[in-house]
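Visitor: Chains as they are written, first to last, in my numbering: chain R, 3 to 482; chain P, 715 to 782. Once you've had a glance at the structure underneath, I'll fire off some questions.
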């Protein structure tokens, strides 16, 4: 068993691994996609609510009623400006009156969907509990400022939501994401850092459900914000905007940390195989060897036949990279970087897998796609388009499967924690209900984390085994 | 009542995938009971086929998201 995992293999693995990381990093940086947008239709800026609660006596409501009430008043098609905010302005939420954009923010309403999407999204700041680690922002606005480099601490982040209380040129930080104030609105862009909010509780950023745009209120005026350019051709509501974001975001930092950790780990394991030749594995070596041998014997050898050694480094890189990121995102109280739950990163991995598969394809593989042998000509006219579609659908499902599984896991955990605020109300409105929900959600979250630990391994394994099966199809010899 | 018909389609797709994965699981259990020594092969093939079924449901869910 030991001889099968030799130093040369580990070195090849490291080389391929670094290529995968560089490829993934490059593609993901370009395609960085913020899922805030597609998710925020669920946000709870529900205006009718305020009319019902004009007395602002939230202590009298029990949390559950409140929630039901909320879902019953879904004015998704309503015009925001038409609502009467008068009763609200004089209410107990003095600092949270309607802002210049006509958007309300009521801190007593818990927005479960919005919170979940905020927590699984990528961010330009790494928040660990109450601490914010600033990350370098590298933004490029062609035809405007060109390149800008700064740390996200320049936004003077206040609160736990990643809202910046200062602007940096035309850039502002909205919910942890860099956005650019749209041109032609008279925002003082050239004045460097502008103080946006004096009171840290001011709600300056808002999201409009009808037009799907983000807004900022500043000095009694409403400004439209632009999100960073995305490579989704507008499918998810993104597209090319006035600036590109090449920042080292939370996911990129997680990816770099995991890559660094895996490289150090594999170098030390490779050294152990050299130094302890012929002896039983020990320590880290003993932990990794069964996993390595499992992928080698269950995935590489049965699927790839006598090509298995050539593709082993690639398969191992994919497996350990995904596994490392899945597990890294699961460390509690450590920022919860949802890197493998980011469509851009899984797309980068799927594109790499697709390139390897299609460039490895022999002539039988292409023959089976373009002119399936052994079937009548009229069937071929149907089969060829289907097979051609299959070439693209295979990486598409690889991308979606990993993304959906990891995102769903993270989201369920956030929602379980959110149950505390759904039942107990925000700001400690109903302490007994909060405590009960906290006890229940602790158990549910722990149970979910145990399942997610399994999913972390399973999804890394599934990605690897599917890539291996596509590779084996590309490498298959003729047998007709 | 609010929401879109896409949500309904998403639910239908999940029913299909659920039946599919359930059948795979049931048959794999039967196979393991019949031939316990082949548990390794059965397990990896079970996961592979379940992943393929899941792929169809995922495409449906994404299309539902795009339409919604």
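All C-beta atoms in this analysis are idealised placements derived from N, C-alpha and C, irrespective of residue type, glycine included. As the structure is a prediction and not an experimental result, all values here were calculated from the model.
(1) Which first and last residues belong to the beta strand (DSSP E) in which residue 227 of chain R is found?
(2) Within 7 Å of any Cβ in chain P, is that where the Cβ of residue 345 of chain R sits?
(3) Let me see if you follow: with CB-CB separation under 7 Å, is residue 776 of chain P close to chain R or not?
(4) Taking a Cβ distance cut-off of 9 Å, strictly less, list which residues of the segment 405 to 419 of chain R are near chain P, in chain order.
(5) Taking DSSP as the reference, what is the three-state secondary structure of residue 242 of chain R?
(6) Grab me the residues of residue 486 of chain R's own chain with a C-beta within less than 8 Å of its C-beta, minus the 5 sequence neighbours each way, in chain order.
(7) Cutting at 6 Å between CB atoms, please list the residues of its own chain near residue 57 of chain R, excluding the five before and the five after it.
(8) Could you check the C-alpha separation between residue 467 of chain R and residue 389 of chain R for me, to the nearest Å?
(9) Figure out for me which residue from P:747, P:720 and P:737 has the closest Cα to the Cα of residue 763 of chain P.
(10) Which runs of the alpha helix (DSSP H) at least 4 residues long sit entirely within the segment 311 to 347 of chain R? Give them in chain order.
(11) Which residues in chain P have a C-beta closer than 8 Å to the C-beta of residue 463 of chain R? List them in chain order.
(12) Based on DSSP bridge pairs, tell me the residues matched to residue 148 of chain R.
(13) Cα separation between residue 403 of chain R and residue 277 of chain R?
(14) Counting only the same chain and skipping the five closest in sequence on each side, list residues whose C-beta sits under 6 Å from that of residue 732 of chain P.
(15) Indicate the three-state DSSP secondary structure (helix, strand or coil) for residue 444 of chain R in the structure shown.
(16) Identify which residue in R:297, R:374, R:356 and R:414 has its Cα closest to the Cα of residue 343 of chain R.
(17) Check the Cβ-Cβ distances between residue 726 of chain P and every residue of chain R, and say whether any is below 7 Å.
(18) At 9 Å on the CB atoms, spell out the chain R contacts of residue 722 of chain P, in chain order.
(19) Under 8 Å between beta-carbons, which chain R residues line up against residue 765 of chain P? List them in chain order, please.
(20) In terms of residues, what are the limits of the alpha helix (DSSP H) holding residue 130 of chain R?
(21) First and last residue of the alpha helix (DSSP H) that includes residue 415 of chain R?
(22) In whole angstroms, what separates the C-alpha of residue 739 of chain P from that of residue 124 of chain R?
(23) Answer with buried or exposed for residue 308 of chain R, where buried requires no fewer than 16 other C-beta atoms within 10 angstroms of its C-beta.
(24) Residue 182 of chain R lies in the beta strand (DSSP E); which residues open and close that run?
(25) Could you check whether the Cβ of residue 769 of chain P sits closer than 7 Å to any Cβ belonging to chain R?
(26) Could you give the distance in angstroms between the alpha-carbon of residue 178 of chain R and the alpha-carbon of residue 225 of chain R?
(27) Starting from the C-beta of residue 446 of chain R, find all residues in its chain whose C-beta is less than 6 Å away, skip the five residues before and the five after it, and write them out in chain order.
(28) Determine the burial state of residue 377 of chain R: buried for a count of at least 16 other Cβ atoms within 10 Å of its Cβ, exposed for fewer.
(29) How many Å lie between residue 767 of chain P and residue 734 of chain P at the Cα?
(30) Distance check for residue 114 of chain R and residue 454 of chain R, CA to CA, integer angstroms please.
(31) Can you check which of these residues, R:430, R:169, R:287 and R:146, is closest to residue 272 of chain R by C-alpha distance?
(32) In its own chain, which residues sit with a C-beta less than 6 Å from the C-beta of residue 274 of chain R, not counting the 5 before and 5 after it?
(33) Which residues, taken in chain order from the segment 212 to 226 of chain R, show a beta carbon closer than 9 Å to some beta carbon of chain P?
(34) Please name the residue, chosen from R:434, R:474, R:242 and R:436, that lies closest to residue 312 of chain R on a Cα-to-Cα basis.
(35) Is the CB-CB distance between residue 217 of chain R and residue 231 of chain R below 7 Å?
(36) Name the chain R residues that come within less than 7 Å of residue 758 of chain P, Cβ to Cβ?
Guide: From the atom records:
(1) By one-based count along the first chain, residue 227 of chain R stands at place 225. Note, residue 227 of chain R: beta strand (DSSP E), 223 to 228.
(2) Stepping through the first chain from its first residue, residue 345 of chain R is reached at position 343. With 7 Å as the cut-off, residue 345 of chain R does not count as an interface residue toward chain P.
(3) Here residue 776 of chain P refers to the residue found at position 62 of the second chain. At least one beta carbon of chain R lies nearer than 7 Å to the beta carbon of residue 776 of chain P.
(4) The residues in question are 405, 406 and 407.
(5) Stepping through the first chain from its first residue, residue 242 of chain R is reached at position 240. If DSSP states are grouped into helix, strand and coil, residue 242 of chain R belongs with coil.
(6) With chain R covering 3 to 482 only, the question about residue 486 of chain R has no answer from this structure.
(7) Against the first chain, residue 57 of chain R aligns to sequence position 55. Summary for residue 57 of chain R: the model assigns pLDDT 37, below 50, so the residue's position carries little reliability; its value from the coordinates is reported in the next sentence. Within its own chain, no residue has a Cβ closer than 6 Å to the Cβ of residue 57 of chain R once the five positions on either side in sequence are excluded.
(8) If you number the first chain from 1, residue 467 of chain R lands on position 465. If you number the first chain from 1, residue 389 of chain R lands on position 387. Counting only the Cα atoms, residue 389 of chain R lies some 21 Å from residue 467 of chain R.
(9) For the purposes of this step, residue 763 of chain P is taken as residue 49 along the second chain, with counting starting at 1. Distance check between residue 763 of chain P and each of P:747, P:720 and P:737 places P:737 closest, using alpha-carbon atoms only.
(10) If we require 4 residues or more, the segment 311 to 347 of chain R turns out to have no alpha helix (DSSP H) run fully inside it.
(11) As a working mapping, residue 463 of chain R is identified with position 461 in the first chain. For the C-beta of residue 463 of chain R, the chain P residues within less than 8 Å are, from N- to C-terminus, 761.
(12) Here residue 148 of chain R refers to the residue found at position 146 of the first chain. In the DSSP output, where bridge partners are listed per residue, residue 148 of chain R has R:143.
(13) Residue 403 of chain R sits at position 401 when you count from the first residue of the first chain. Residue 277 of chain R sits at position 275 when you count from the first residue of the first chain. Cα to Cα, residue 403 of chain R sits roughly 40 Å from residue 277 of chain R.
(14) Here residue 732 of chain P refers to the residue found at position 18 of the second chain. Answer for residue 732 of chain P: no residue qualifies.
(15) The sequence position of residue 444 of chain R within the first chain is 442, counting from 1. In the structure shown, residue 444 of chain R sits in a helix (DSSP, three-state: H, G or I).
(16) In the first chain, the residue the question calls residue 343 of chain R occupies position 341. With distances taken between Cα atoms, residue 343 of chain R lies closest to R:414.
(17) Locating residue 726 of chain P in the second chain gives position 12, counting from the first residue. Chain R contact via Cβ: absent.
(18) If you number the second chain from 1, residue 722 of chain P lands on position 8. None at all; the shortest Cβ gap to chain R is about 17 Å.
(19) Taking the first residue of the second chain as 1, we reach residue 765 of chain P at position 51. Chain R residues near residue 765 of chain P: 403, 464, 467 and 468.
(20) One-based indexing of the first chain puts residue 130 of chain R at position 128. Where residue 130 of chain R is concerned, there is no enclosing alpha helix (DSSP H), although the beta strand (DSSP E) it sits in stretches over 127 to 130.
(21) Along the first chain, read from residue 1 onward, the residue named residue 415 of chain R stands at position 413. Unbroken alpha helix (DSSP H) run through residue 415 of chain R: 379 to 426.
(22) To locate residue 739 of chain P, count along the second chain from 1; it is residue 25. To locate residue 124 of chain R, count along the first chain from 1; it is residue 122. Rounded to the nearest angstrom, the two C-alpha atoms are 35 Å apart.
(23) The residue given as residue 308 of chain R occupies position 306 in the first chain. The residue is exposed, with fewer than 16 neighbouring Cβ atoms inside 10 Å.
(24) Position 180 of the first chain, counting from 1, holds the residue named residue 182 of chain R. Looking at the DSSP string, the run of the beta strand (DSSP E) that includes residue 182 of chain R is 179 to 183.
(25) The sequence position of residue 769 of chain P within the second chain is 55, counting from 1. Interface with chain R (7 Å Cβ-Cβ cutoff): residue 769 of chain P is included.
(26) In the first chain, counting from the first residue as 1, residue 178 of chain R sits at position 176. In the first chain, counting from the first residue as 1, residue 225 of chain R sits at position 223. For residue 178 of chain R and residue 225 of chain R, the gap between their C-alpha atoms comes out near 18 Å.
(27) Counting from one through the first chain, the residue named residue 446 of chain R turns up at place 444. For residue 446 of chain R, where only same-chain residues beyond five positions count, the Cβ hits under 6 Å are 418.
(28) Taking the first residue of the first chain as 1, we reach residue 377 of chain R at position 375. So residue 377 of chain R counts as exposed.
(29) By 1-based counting over the second chain, the position of residue 767 of chain P is 53. By 1-based counting over the second chain, the position of residue 734 of chain P is 20. Across the structure, residue 767 of chain P and residue 734 of chain P are spaced so that their CA atoms are roughly 7 Å apart.
(30) Here the question's residue 454 of chain R lines up with position 452 in the first chain. Here the question's residue 114 of chain R lines up with position 112 in the first chain. Near 21 Å, if we compare the C-alpha coordinates of residue 114 of chain R and residue 454 of chain R.
(31) Against the first chain, residue 272 of chain R aligns to sequence position 270. The candidate whose alpha carbon is nearest that of residue 272 of chain R is R:287.
(32) In the first chain, counting from the first residue as 1, residue 274 of chain R sits at position 272. Same-chain partners within the cutoff: 287.
(33) Listed by position along the chain: nothing, the set is empty.
(34) For this step, residue 312 of chain R is matched to residue 310 along the first chain. The residue with the shortest Cα to Cα distance from residue 312 of chain R is R:474.
(35) Taking the first chain and counting its residues from 1, the one referred to as residue 217 of chain R is at position 215. Taking the first chain and counting its residues from 1, the one referred to as residue 231 of chain R is at position 229. No.
(36) Sequence index remark: in the second chain, residue 758 of chain P carries index 44 (1-based). Contacts between residue 758 of chain P and chain R, judged by CB atoms closer than 7 Å, involve 300 and 467 in chain order.
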